[in-house]
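Mind the numbering: the sequence shown is residues 882 to 1085 in this note's numbering, read in order. Notes follow the structure.
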Amino acid sequence: MKKIIILVHFGSKRTSLDGSLDAIMSMIRWANMIYGDVLQKPFQSVKSHQFVGVAYSVSKAVDLVLAMEEYNLEEELGLKVSYAINDGIVADEDNLNNPSAAEPGIGKCYDMLDRMTKNKKRMLISTKSDTSINNMLKITQHFIDSWNPKDRKTVSGFLLGRDYKEMAKIEGKDESSLWRRRKSLAIDEYMMCKDVLQHLIENR
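Spelled out as structure tokens, the structure:
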């Protein structure tokens, strides 16, 4: 049976996760609770710092992945997260959280994680006509990764829908400064990427 599998991997070979378990579990609990209507099967642990879930559609899976990235910013968790989304075959959903099971759908996700490690990507999708979608995911990741830790609260405020006037009041700065800040952080370009992603997915 075809399923939209999402494999979430926290950390990398170059980063330590010491002391990050609370932050990881905070993100997973938040995703399962707030996006429960997106997940056909909620995220469950499969390996150390890896979780797998099943989404109802590819578009909802991508929405969720980007929402998790935005939550990471909003809560200033500072987590390094990779996501593999596979529109693949699952014989038995109960095998998804059993990494030793010969389940092709989840096996493909692990292969995708290996490819991401080699290519320095954090988001990869396997579905029909996925080349353009993956190219747009790479651009979207570029914007996210370009935001410095000191920018997190400002970026999060803009992504939550606050305009530069509201952010100026919150941060105690002049409005022109926050207007320029929004431009330099490429908030509008990031939002355009999200719209283009959904367009590509719907028309694949």
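Cβ coordinates follow ideal geometry from the N, Cα and C atoms, glycine included.
Item                                                                                                                                                               : Value
Smallest Cα separation from S961: which of V971, R1003, K1019, K1031?                                                                                              : Here the sequence assigns Lys to residue 961, which means Ser is not the residue at that position. Nearest C-alpha to K961: R1003.
I believe L947 touches K1075 by the beta-carbon criterion, under 8 Å. Please report the beta-carbon distance rounded to the nearest angstrom.                      : 6 Å
Would S1037 pass as a contact of E955 if the rule is Cβ separation under 8 Å?                                                                                      : yes
Can you tell me the Cα-Cα spacing of E1047 and T1035, whole angstroms?                                                                                             : 11 Å
The alpha helix (DSSP H) that contains P923, what's its start and end?                                                                                             : Taken as a continuous stretch (DSSP letters only), P923 belongs to no alpha helix (DSSP H), being part of the beta strand (DSSP E) at 920-928.
Any C-beta of chain D sitting closer than 8 Å to the C-beta of K1075?                                                                                              : The structure shown has no chain D; it contains just one protein chain.
Skipping 5 residues on each side, what residues in its chain have a beta carbon closer than 7 Å to that of A912?                                                   : F924, L945, M949
Do you know offhand how far D1055's Cα is from E1083's?                                                                                                            : 41 Å
Spatial neighbours of L888 within its chain, please: CB distance less than 6 Å, with the 5 preceding and 5 following residues excluded, ordered by chain position. : V933, A965, C990
Can you tell me whether L1059 is buried or exposed, with buried defined as 16 or more other CB within 10 angstroms of its CB?                                      : buried
When DSSP labels each residue in this structure, what does M882 get in the three-state scheme?                                                                     : coil
May I have the straight-line CA-CA distance separating I1051 from R1062, to the nearest angstrom?                                                                  : 14 Å
Bridge partners of S963, per DSSP?                                                                                                                                 : H890
Whose C-beta lies closer than 7 Å to the C-beta of Q1079 among residues of the same chain, with five residues either side of it excluded?                          : S940
Between the Cα of A1067 and those of L1040, K1001, V1077, L902, spot the shortest distance and give me the residue it belongs to.                                  : L1040
Just the C-alpha distance for A936 and L1081, rounded to the nearest angstrom, thanks.                                                                             : 18 Å
For K884, which of Q921, R910, N1016 has the nearest alpha-carbon?                                                                                                 : Q921
Identify the residues that DSSP records as bridge partners of G934: which are they?                                                                                : I887
Between which two residues does the alpha helix (DSSP H) harbouring V1040 extend?                                                                                  : It should be pointed out that residue 1040 corresponds to Leu in this sequence rather than to Val. From DSSP, the alpha helix (DSSP H) with L1040 extends over 1033-1040.
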